[in-house]
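Residue numbers (the numbering used here): 154 to 334.
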């Protein structure tokens, strides 16, 4: 068997490396455009899908309903989004502001409201239910919650549950229980 000349092997390796570099840097990956799993939200009452779309300077929110694209606060950057029954909530990049957007009132824009704004106490880990929004206070583990009506009452029974340090499930209400995971 005759060995190929070393220049042919070098050329082949160079071509393979160039193709790999081209694929890695120039063909966009769908997961890179949206980010982590914390960047998608669905609101079921209005059949709206929203996502945090990564850009060179901003991570803006875009929503889709039917065939319509609905931009949400286009010049503001967001890091997290979560959807509920008829609204979604989002945390602004920097984690110091929390917004709520009602997706049922219009086809062109969403009514929005700022629920939280505190530059010295950032939020993280956003979760949204039917009529409430909860987030943890960064570096403390404390949970802050808001209802759409600006009041929050603990439910009765086992209607609201959460993870306590990811080792136990804690439910709020009259028959509150802790289940070990």
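Here a beta-carbon is modelled for each residue, glycine too, at the ideal position from N, C-alpha and C.
Residue 289 sits in a strand when the DSSP states are folded into three classes. Inter-segment contact for the region 217-226 and the region 194-202 is present: three or more beta-carbon pairs are separated by less than 8 Å. Annotation: residue 238 is outside any beta strand (DSSP E) and is labelled neither H nor E by DSSP. Annotation for residue 207: the continuous beta strand (DSSP E) segment containing it runs 201-207.
Within 10 angstroms of the beta-carbon of residue 247 lie fewer than 16 other beta-carbons, which makes it exposed.
The C-beta distance from residue 234 to residue 288 rounds to 12 Å, too long to meet the 8 Å contact threshold. From the listed residues 228, 273, 197 and 221, the smallest Cα separation to residue 207 is found for 228.
Residue 224: member of the beta strand (DSSP E) spanning 221-225, first to last residue.
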